[in-house]
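Reading through the structure tokens given below for one structure.
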Amino acid sequence: MAFDLALALPEILLLVGACALMLVDLRLPGEDRRASFYIAQAILLACAGGTLFVLAGTAGQTTYAFNKLFVADVMSHLLKLAAYGAVSAALVYSRQYLLDRGLLRGEFLSLLLFALLGMMVMMSANSFLTVYLGLELLSLCLYAMVALNRDSAASTEAAMKYFVLGALASGLLLYGMSMIYGATGTLTITEVARHIGPLARDGTQHPFLVFGLVFMVCGLAFKLGVVPFHMWIPDVYHGAPTAVTLVIGTAPKLAAFAMAMRLLVNGLLDLAHDWQQMLVILSVLSMALGNITAIAQTNLKRMLAYSTIAHMGFMLLGLLSGVVGGNWLNAADAYAAAMFYTLVYVLMSVGSFGVLLFLSRKGFECENLDDLKGLNKRNPWYAFVVLLLMFSLAGVPPTVGFYAKLAVLSAAVNAGQIWLAVVAVVFSLVGAYYYLRIVKLMYFDEPKDDAAAAPSFDTQSFGARLLLSANGIALLVLGLLPQGLMSLCFVAIKSL
Amino acid sequence: MLLSLAIWVPIFAGLLVLACGDDRKAELQRTLAFVGALGGFLVTIPLWAGFSNATAAMQFVENLSWIPRFNIRYHLGVDGISMLFILLNSFITPLVVIAGWTVIEKRVGQYMGAFLIMSGLLNGVFSALDGMLFYVFFEATLIPMFIIIGVWGGANRVYAAVKFFLYTFFGSVLMLVSLLYLYNKSGGSFEIMDWWKLPLPLDTQHWLFFGLLFAFAVKVPMWPVHTWLPDAHVEAPTGGSVVLAAIMLKLGAYGFVRFTLPILPDASRGLAWLMIALSLIAVVYIGLVALVQTDMKKLIAYSSISHMGFVTLGFFIFNAYGVEGALIQMISHGFISAAMFFCVGVMYDRMHSRNIADYGGVVNTMPKFASLMMLFAMANCGLPATSGFVGEFMVIMGAMKANFWLAFAAATTLVFGAAYTLWMYKRVIFGAVANEHVAELTDLNKREFLVLGLLAAAVLFMGIYPLPFTEVMHASVNDLLRHVAIPKH
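Same order as they appear, the protein sequences are chains A and B. Okay, so the first sequence: first residue is 340 according to our numbering, each after it adds one. Okay, so the second sequence: first residue is 6 according to our numbering, each after it adds one.
Here you go:
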């Protein structure tokens, strides 16, 4: 039992830390919440230490705890570390933005940390119940964060939509889980995997399983935000304060990916033939709708929202290429490609929203495409960082976004899904247009005369500017040397 | 090591120029860029000096593991086909830097940096022997060119830049899928030379042929996917047009020799009729289109398409004259089109007009310029003793071996080429001084004279004594033709 607790060390640290922060914050002096901010960062650092400690303690072995409700494996460790990084960067980028708007309150920090706890529970879940528990903890925190700016009608509306649709998706997921539970008699994912093989081959049981599977895939699709379960994404991204959009658009994608891996791959791999077909439809529709609709957007946040939809569709290409004709020789390659894609996407997404936060300031929201006009004249360095971000999102080498696309496309081609790969590259061409448009605005257009609307980076702290620069450069460096991260993903997937 | 230097010296010089800061340090940036470009040229000279003509094997090979996860290797090497392009590219880059010395006034560092980085990337394309490395360099060149056209271009530059990018990106993503397919079929290898030996059924070869065709045909550009080129050329600044015409167009043609012909020999032979037809349309129809242009840059752009039609024609008649002639034509076109665009640039900097109608009688005020441009115009028509003649003559000879009427149709280019080039030359240069702007023109300054003089020397040398160029490529071309002759299915 003692060892069980040790496996959940990062979660425990975070829970204790978040609770303590909530209380301490009331007593801390200073309007700018400097102390709370640093405490939150320290908690994240401690969690990272905890995760590394567990990783070292288990020597990378997959270890179960709490009657197999909880699993500690390399994939969960890696995703957790990435999530700490994303949350920490989110804090740094959004600090000034939140201060300017009076939103940097204790609630924000503790909600963020609890949301992270929810993600971590999802990443380490080995039971339908644990998955659900983590998902709800994450979602409830996010609903509240979207509505953080309670005087804003748009935010409140976005939170309401998110909540209603999110509750529906949770319901669907639970319903699907109950069906699978009914068929297999267990909630533990590894047990489900053991029992489901014979059932999947049984003609009378199979339809029943697929019925449950459909609901589970719907719930997953909602969390990933892929078409046709994407309706909430543009509105929530647009309505939420940009700092919260940054949070929603980054780390939770890692959790959603983990959930997909746990449910579909760990649990229902014997139904791969069925869920892969569903993912094909989701993937193609997402790439098509996401990329085409993004072109029509004039609002940057909405554009990035549709771009997320398209990217998640692309990521699904990896997930659906694992098992070919009942043979999973290349499965690890394909899932590793999807994981690499997700990690790279999060890195790009953090940077893109970070730029939006940097360009906003007191009384001015950087939301429209026009706000980026002539950035190269005002600040060539950050224009270059955005250039890297955009070319990476578009998947142009030598940025890392290209290798993410390469990995999933290679998985699709290896699985014999050449037509899917062709569809994917054609839609990525469509996508290139709107990313190019941003580069065009920054480099080819003259800055707006209106000085108040002029982008400026001066108000940001030195550390934040350094981090954003590092974020941009990382895209290039990882693009020149992608091997390390790719192998890490492969090792993580192999350990499943 | 030499090839790595040829790639990375210009790139690092470019980054250094970018790091210098803004226009307050423009003079320093110019000097640095020139030193970098010259250094980039100097490191490629040993490639020529140390090259062995006796073998078709790759030389100056570097082979390191780059991304073991996908078995992607940093594998560089040159043979008689690719070596000349690296030299051509490194030779053109310093000229571009010199030509932009005073003309570019805003954001000098970014301009010079972009050209240097592009120069290194282009060397990478020509020396990559790993399919994915090739693709990375091939695609990466789009970024600096997009910026160059969009920032320093003419009035309609945004349209041209976006059109350029999307057109070429479309071609290359289909190539990406083809490369991944080959990777899969060859059991996880991106080595281009492994793919040469890979047996492929005819159906598959056809699919792959079209997958690669889009990428290369757009770059060449072949009719009917050529429409981006006139826009891009017209809007690009002089240096951009020069690099686009002299080097970037060659990427597509080079792709045909490196990938399509040896990897898909059966499809290449089976579909040669299509390629020949498209090439002849480019030669004849685009030649006629060039005749009616009123904009000088557009005229030269169409002339480029027409000349590149000659190149693709030479490749797909599958004999040594044709292929070597096409390669010579590519090098020669690199010099001549660069020179022609520099000439237009010289006039544009003084008059701010590219319209033929705005000129007339330039010879009266710019005699030195007029005589140099005369040489380039003649070379563009394929006059003997200029480099333009050698390639065209060899391709026509090759075509004659294949089919008389083919050679006949191809030879019309000599008529059309002379017609549009000389007619433009006559209207711009000869006659009475057309207006007071022409009367105020000043002749070439030292810098311009240096650039055009060097190109003139290259054009004449290659026209009078082409042997050094052809003997370099003999072995490699024969090897290539051997690959094409062996059925793979």
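Glycine included, every Cβ here is placed at the ideal spot set by N, Cα and C.
For this session: Could you spell out the range, first to last residue, of the alpha helix (DSSP H) harbouring A:Q756?
Result: Stepping through the first sequence from its first residue, residue 756 of chain A is reached at position 417. First-last for A:Q756: undefined, no H or E at that position.
Exercise. Name the residues in the stretch 734-757 of chain A whose C-beta lies less than 7 Å from a C-beta of chain B; which are they?
Worked result: V735, P736, P737, L748, S749, V752, N753, I757
Exercise. Cβ atoms of A:D343 and A:A404: under 8 Å apart, would you say?
Worked result: On the first sequence, residue 404 of chain A is found 65 positions in, with the first residue counted as 1. On the first sequence, residue 343 of chain A is found 4 positions in, with the first residue counted as 1. Yes, Cβ-Cβ distance for A:A404 and A:D343 is below 8 Å.
For this session: Please classify B:E67: does DSSP put it in a helix, a strand, or coil?
Result: The count along the second sequence starts at 1 and reaches residue 67 of chain B at position 62. Reduced to three states, the DSSP call for B:E67 is strand.
For this session: Can you say whether A:M570 is buried or exposed, counting buried as having 16 or more other CB atoms within 10 angstroms of its CB?
Result: Mapped onto the first sequence, residue 570 of chain A falls at position 231. Counting Cβ neighbours within 10 Å, A:M570 comes out exposed, since fewer than 16 surround it.
For this session: Enumerate, from N- to C-terminal direction, the unbroken alpha helix (DSSP H) stretches of 4 or more residues contained entirely within the stretch 481-550 of chain A.
Result: 492-523, 528-540
Exercise. On the three-pair Cβ rule with 8 Å, is the stretch 597-611 of chain A touching the stretch 634-653 of chain A?
Worked result: no
Exercise. Using a Cβ-Cβ cut-off of 6 Å (strictly less than) and excluding sequence neighbours within five positions of A:L418, which residues of its own chain qualify?
Worked result: Numbered from its first residue, the first sequence carries residue 418 of chain A at position 79. Contacts found: M462, L593, A597.
Exercise. Are the CB atoms of A:G811 and A:L698 nearer to each other than 8 Å?
Worked result: Walking along the first sequence from the start, residue 811 of chain A turns up at place 472. Walking along the first sequence from the start, residue 698 of chain A turns up at place 359. Not in contact: A:G811 and A:L698 (Cβ atoms no closer than 8 Å).
For this session: Starting from A:F653, find everything on chain B with Cβ-Cβ shorter than 7 Å and list it in chain order.
Result: Here residue 653 of chain A corresponds to residue number 314 of the first sequence, with the count starting at 1. Result: empty, since nearest Cβ-Cβ is about 13 Å, beyond 7 Å.
Exercise. Using CA coordinates, which residue listed in B:P204, B:Y188, B:W233, B:V130 is at the minimum distance from B:A173?
Worked result: Against the second sequence, residue 173 of chain B aligns to sequence position 168. What sits at residue 173 of chain B in the sequence shown is Thr, not Ala. Out of B:P204, B:Y188, B:W233, B:V130, B:W233 has the C-alpha closest to the C-alpha of B:T173.
Exercise. B:L8 to B:P51, Cα distance in whole Å?
Worked result: Counted from its first residue, the second sequence places residue 8 of chain B at position 3. Counted from its first residue, the second sequence places residue 51 of chain B at position 46. So the two alpha carbons sit approximately 10 Å from each other.
Problem set entry | For B:Y79, the three-state DSSP class (helix, strand or coil) | As a working note, residue 79 of chain B is residue 74 in the second sequence. Three-state result, B:Y79: strand.
Exercise. For the stretch 153-180 of chain B, which residues have a CB atom closer than 8 Å to at least one CB atom of chain A, in sequence order?
Worked result: G155, V156, R162, V163, A166, V167, F170, L171, F174, F175, V178, L179
For this session: Return the first residue and the last residue of the alpha helix (DSSP H) that B:Y172 is part of.
Result: One-based indexing of the second sequence puts residue 172 of chain B at position 167. B:Y172 -> alpha helix (DSSP H) spans 162-190.
Exercise. So what does DSSP say about A:S834, is it helix, strand or coil?
Worked result: Taking the first sequence and counting its residues from 1, one reaches residue 834 of chain A at position 495. The answer is coil: DSSP assigns A:S834 none of H, G, I, E or B.
Problem set entry | B:F142 versus B:L134: straight-line alpha-carbon distance, rounded | Position 137 of the second sequence, counting from 1, holds the residue named residue 142 of chain B. Position 129 of the second sequence, counting from 1, holds the residue named residue 134 of chain B. Using only the alpha carbons, I get a separation of about 11 Å.
Exercise. The alpha helix (DSSP H) with B:V351 in it runs from where to where?
Worked result: The sequence position of residue 351 of chain B within the second sequence is 346, counting from 1. B:V351 -> alpha helix (DSSP H) spans 325-356.
Exercise. Does B:E329 come within less than 8 Å of chain A when only Cβ atoms are used?
Worked result: Locating residue 329 of chain B in the second sequence gives position 324, where the first residue counts as 1. Closer than 8 Å: no.
Problem set entry | Cβ neighbour criterion (16 or more within 10 Å) applied to A:C358 | As a first step, residue 358 of chain A is located in the first sequence; it is residue number 19 there, counting from the start. Counting Cβ neighbours within 10 Å, A:C358 comes out exposed, since fewer than 16 surround it.
For this session: With a cut-off of 8 Å on the beta carbons, I'd call A:L806 and A:F692 a contact; round off their distance for me.
Result: Taking the first residue of the first sequence as position 1, residue 806 of chain A is located at position 467. Taking the first residue of the first sequence as position 1, residue 692 of chain A is located at position 353. The pair is not a contact, with the Cβ atoms about 13 Å apart (cut-off 8 Å).
Exercise. Residue range of the alpha helix (DSSP H) that A:T397 falls in?
Worked result: Reading the first sequence from its first residue, position 58 is the one you call residue 397 of chain A. Start and end: 373-397.
Problem set entry | Residue environment, A:A635, which counts as buried when at least 16 other CB atoms sit within 10 Å | Residue mapping note: residue 635 of chain A aligns to position 296 of the first sequence, counting from 1. That one is exposed.
For this session: Note down the Cα distance separating B:P235 from B:F381, rounded to an integer number of angstroms.
Result: Mapped onto the second sequence, residue 235 of chain B falls at position 230. Mapped onto the second sequence, residue 381 of chain B falls at position 376. Taking the straight line from one Cα to the other gives about 20 Å.
Exercise. In whole angstroms, what separates the C-alpha of B:M63 from that of B:E32?
Worked result: One-based indexing of the second sequence puts residue 63 of chain B at position 58. One-based indexing of the second sequence puts residue 32 of chain B at position 27. Cα to Cα, B:M63 sits roughly 41 Å from B:E32.
Problem set entry | Own chain residues within Cβ distance below 7 Å of A:F392, not counting five before or after | The residue given as residue 392 of chain A occupies position 53 in the first sequence. Excluding residues within five positions, the ones whose Cβ falls inside 7 Å are L348.
Exercise. How many angstroms separate the CA atom of B:I109 from the CA atom of A:L450?
Worked result: Counting from one through the second sequence, the residue named residue 109 of chain B turns up at place 104. Counting from one through the first sequence, the residue named residue 450 of chain A turns up at place 111. Each residue's alpha carbon lies about 53 Å from the other.
Problem set entry | Rounded separation between A:P737 and B:W428 - CA only | In the first sequence, residue 737 of chain A corresponds to position 398, counting from 1. In the second sequence, residue 428 of chain B corresponds to position 423, counting from 1. Cα to Cα, A:P737 sits roughly 44 Å from B:W428.
Exercise. Is the beta carbon of A:A374 less than 8 Å from the beta carbon of A:L383?
Worked result: Numbered from its first residue, the first sequence carries residue 374 of chain A at position 35. Numbered from its first residue, the first sequence carries residue 383 of chain A at position 44. Contact: no.
Exercise. Given that B:E144 touches chain A, what residues does it touch there, using C-beta distances under 7 Å?
Worked result: Start at 1 with the first residue of the second sequence, and residue 144 of chain B comes out as number 139. Those within 7 Å of B:E144 in chain A are V735, P736.
Exercise. Exposed or buried, what is B:D208 when buried is set at 16 or more other beta-carbons lying within 10 Å of its beta-carbon?
Worked result: As a first step, residue 208 of chain B must be located in the second sequence, where it is residue number 203. Looking at its Cβ environment, which holds fewer than 16 other Cβ atoms inside 10 Å, B:D208 is exposed.
Exercise. When DSSP builds the beta bridges, which residues end up paired with A:Y403?
Worked result: Looking up residue 403 of chain A in the first sequence gives position 64. Answer is A:V410, bridged to A:Y403.
Problem set entry | Rounded C-alpha distance that separates B:T98 from A:A385 | By 1-based counting over the second sequence, the position of residue 98 of chain B is 93. By 1-based counting over the first sequence, the position of residue 385 of chain A is 46. Using only the alpha carbons, I get a separation of about 53 Å.
Exercise. When the cut-off is 8 Å and only beta carbons count, does B:F75 lie next to chain A?
Worked result: For the purposes of this step, residue 75 of chain B is taken as residue 70 along the second sequence, with counting starting at 1. Yes, B:F75 counts as interfacial toward chain A.
Exercise. So, does the CB of B:N94 fall closer than 8 Å to a CB anywhere in chain A?
Worked result: One-based indexing of the second sequence puts residue 94 of chain B at position 89. No, because no Cβ of chain A sits closer than 8 Å to the Cβ of B:N94.
Problem set entry | Cα-Cα separation between B:A462 and B:V14, rounded to whole angstroms | Within the second sequence, residue 462 of chain B is the residue found at index 457, counting from 1. Within the second sequence, residue 14 of chain B is the residue found at index 9, counting from 1. The straight-line gap from Cα to Cα measures roughly 26 Å.
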